[in-house]
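Note sheet for the following structure.
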Amino acid sequence: MKHYESSLGTNSTVDQAQDAVTKLHNSVTQAMSHPTGQMIEQAENSLEHAEEAVRHAPEGSVGGHGVDLAEERLEEEKRRLASLDVPGGQARD
12 MKHYESSLGT
22 NSTVDQAQDA
32 VTKLHNSVTQ
42 AMSHPTGQMI
52 EQAENSLEHA
62 EEAVRHAPEG
72 SVGGHGVDLA
82 EERLEEEKRR
92 LASLDVPGGQ
102 ARD
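Counting in my numbering, the sequence shown runs from 12 upward without gaps.
Structural data, given as structure tokens:
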């Protein structure tokens, strides 16, 4: 598993986006291990939060540093979560 940690330890919008995507990754991993409706719903809620955080990431970045990585990781997690969805938007139990 890849680890994405900021070496600066600041609380910038980029760091917040990275943290939100890391939490999304963990939530999606749990949903993949236990694909219940509740776990998938939790992952979808985490996705909404991560999307919002990544949208705001450029506001606190210096020259866009770190934004691309957050966006790439978000897209990867969206693909992973989509692989759990049942057609019609209904999560499986």
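By construction, the Cβ of each residue, glycine as well, lies at the ideal position given by its N, Cα and C atoms.
Below 8 Å on the Cβ atoms is my contact criterion, and I expect residue i with residue j to pass it. Report the Cβ-Cβ distance as a whole number of Å.
i: Gly-71; j: Val-25; result: 6 Å
i: Val-78; j: Ala-68; result: 5 Å
i: Leu-85; j: Val-32; result: 5 Å
Using the three-state DSSP reduction, which class does residue i fall into: helix, strand or coil?
i: Leu-95; result: coil
i: Gln-27; result: helix
i: His-60; result: helix
Hey, how far is the Cα of residue i from the Cα of residue j?
i: Ala-61; j: Ala-42; result: 16 Å
i: Asp-30; j: Ala-93; result: 21 Å
i: Glu-82; j: Ala-28; result: 9 Å
i: Ser-44; j: Glu-88; result: 15 Å
Item checked: Contact between the region 27 to 37 and the region 45 to 52 (3+ Cβ pairs under 8 Å) -> no
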